[in-house]
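Just so you know, my numbering puts the end of the sequence shown at 1634, numbered straight through with nothing missing. Note that CB positions come from ideal geometry on N, CA and C, so glycine has one too. Step one of this worksheet: look at the structure below.
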Amino acid sequence: MSKPINRRDFLKGAGVLAVAGALPVSMIELAFADSAQNFSFAYISDAHLQQIKGAKFVNNWDRGLIRAVAEANLLTPKPDFIVFGGDLAQLGKKAELDHGAEILSALRSNKVYHVMGEHDYYLDLGQYWEKLFGPQFYSFDHKGVHFVVLNSILTYDDWTYKRWPTAEQRMLEMADLDNPNGSPFMVGDKQRDWLKSDLEKINKATPIVVISHSPLQKIYKNWNFWTDDAEQVQALLRPFNKVTVLYGHVHQIQYNQIGNISFNSVMSTAWPWPYPSTYAQTEQYLPKLTVPMNRADPFFERDATGWQFINMTNGNVDMHYDLFSNTSRTVAFNTKTGEPEDTVFQSPDKRIPPQTQY
Ligand SMILES: [Fe+2]
Ligand SMILES: [Fe+2]
């Protein structure tokens, strides 16, 4: 009988797998050739911590984030930094944001970068969030990569400032799916102007990683899997050789390529969203979904939720999805096709059978 694998061993193995096991051969060669530039970071997103009353919060959502923090602390190799990808709160309340900040304070990391989610924003328009976590958009450089963090969940001023009698109603309307009273997300003129001037200073050969909450591509408008000025943001990124956009919000695995820009979603620690059937309408944007979702058990609310370990090899992102209760997945950038791909799940003969127990 083989020795049972404990969680720490598995995480060590996962780190090795992300570097050596699941990548195309050419990527491995490149990694060895220039290993000094390789680095990794971890990404946790969409915790949706919800206050019930006083110090009582929805336990499932708390447990998801607590577990992600604990697992991030066990990672080998240790990630250079952590990103929290937005929707820390469910209804933008101070108590929810404070609760989230407290749970995240257990991360043993030098640095945590924060991204604004619509659930954090639409109660007080990000005021309290800014006090806790800093500016809503910014950039930084790390080991030769230029990172940009955007607030992509803004919308029209009329909708934000004039339409609603209370801030609470505004928050609830924006949190709703299939809501005719909703409004599409956007980055907006002000941030796009800032992005343009931020990128003007950067050499076109520098790898760029843009981090947003909503996808900077148009996937499904009714659920705001959509950013209305996505094309304008993409146009600013087009002159660069290597661009990756990482986003949360969709609570599922997505990867895609538009021109020079590869897109990878990150998972939620709270709950999975299904793929909307209307994805068929947007076939030109998304890879063909031969495997609808790595979601074996719809009755198990944790399935298809998790967090990510991201390996940056020569400027391209390889995404290791660590799912709470399903087979982990790796989406690696294939230099031959110039696209991110999941070599296991995109190949029918190599498909991993769904896990049947947890
Ligand atoms: Fe979310
Ligand atoms: Fe969101």
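Among M1543, P1515, W1549, V1526, which residue has its Cα nearest to the Cα of N1536?
Among M1543, P1515, W1549, V1526, the Cα nearest to that of N1536 is on P1515.
Best match in Q1493, E1394, P1460 for proximity to Q1510 [C-alpha to C-alpha]:
Q1493
Between S1473 and chain B, is there a C-beta pair that is closer than 8 Å?
Among the protein chains of the structure shown there is no chain B, as only one such chain exists.
What's the gap between the Cα of D1579 and the Cα of E1476?
D1579 and E1476 have their C-alpha atoms roughly 42 Å apart.
Taking only heavy atoms of ligand 1 into account, decide whether any of them is closer than 7 Å to the Cβ of S1488.
no
By the three-class DSSP mapping on this structure, what secondary structure does Q1584 have?
strand
Alpha-carbon spacing of N1540 relative to G1458, whole angstroms:
25 Å
Neighbourhood of E1305 by C-beta, 7 Å cutoff - its chain only, sequence neighbours within 5 removed:
Low local confidence applies: a pLDDT of 29 at E1305 is under 50, so the model's placement there is unreliable, and no value is given.
Taking the alpha-carbon of Q1508 as reference, which of S1604, N1336, Q1326, L1471 has the nearest alpha-carbon?
L1471
Tell me the rounded alpha-carbon separation between G1464 and N1427.
About 9 Å.
How is the alpha helix (DSSP H) around V1509 delimited, first residue to last?
1506–1513
By alpha-carbon positions, which one of N1532, L1367, Y1551 ends up nearest to V1526?
Y1551
What distance in whole Å lies between the Cβ atoms of M1543 and Y1597, which are believed to be in contact at a cut-off of 8 Å?
6 Å
Under 8 Å between C-beta atoms of W1257 and T1545
Nothing about residue 1257 can be read from this structure; the chain reaches only from 1277 to 1634.
Please determine if the segment 1438–1445 and the segment 1409–1428 are in contact, where contact requires at least 3 C-beta pairs separated by less than 8 Å.
no
Are the Cβ atoms of A1365 and L1401 separated by less than 8 Å?
no
Assigned exposure category for N1592 - 16 Cβ within 10 Å defines buried:
Answer is buried; the Cβ neighbour count reaches 16.
Does ligand 2 have even one heavy atom less than 7 Å from the beta-carbon of E1394?
yes
From D1474, I1379, F1600, E1617, residue whose alpha carbon lies closest to that of V1607:
E1617
Expressed to the nearest angstrom, what Euclidean distance is found between the alpha-carbon atoms of R1384 and A1318?
The C-alpha of R1384 lies about 12 Å from the C-alpha of A1318.
Thinking C-alpha only, which one of L1513, R1343, F1585 is nearest R1605?
Closest by alpha carbon: F1585.
Whose C-alpha, out of D1454, V1519, Q1467, is nearest the C-alpha of P1483?
Selected option, being the one with the closest Cα: V1519.
For N1479, count neighbouring Cβ atoms within 10 angstroms of its own Cβ and tell me buried if that reaches 16, exposed if not.
exposed
Could you check whether E1394 and I1429 sit closer than 8 Å to each other, using their CB atoms as the reference points?
yes
Going by Cα to Cα distance, which pick from V1391, D1338, D1504, Y1397 is closest to L1367?
Y1397
G1524 and G1362 - do their beta-carbons sit closer together than 8 Å?
yes
What is the C-beta distance between T1436 and M1462, in whole angstroms, given that I count them as a contact (C-beta under 8 Å)?
11 Å between Cβ atoms; not a contact.
Where does M1543 sit, in a helix, a strand or coil, going by DSSP?
coil
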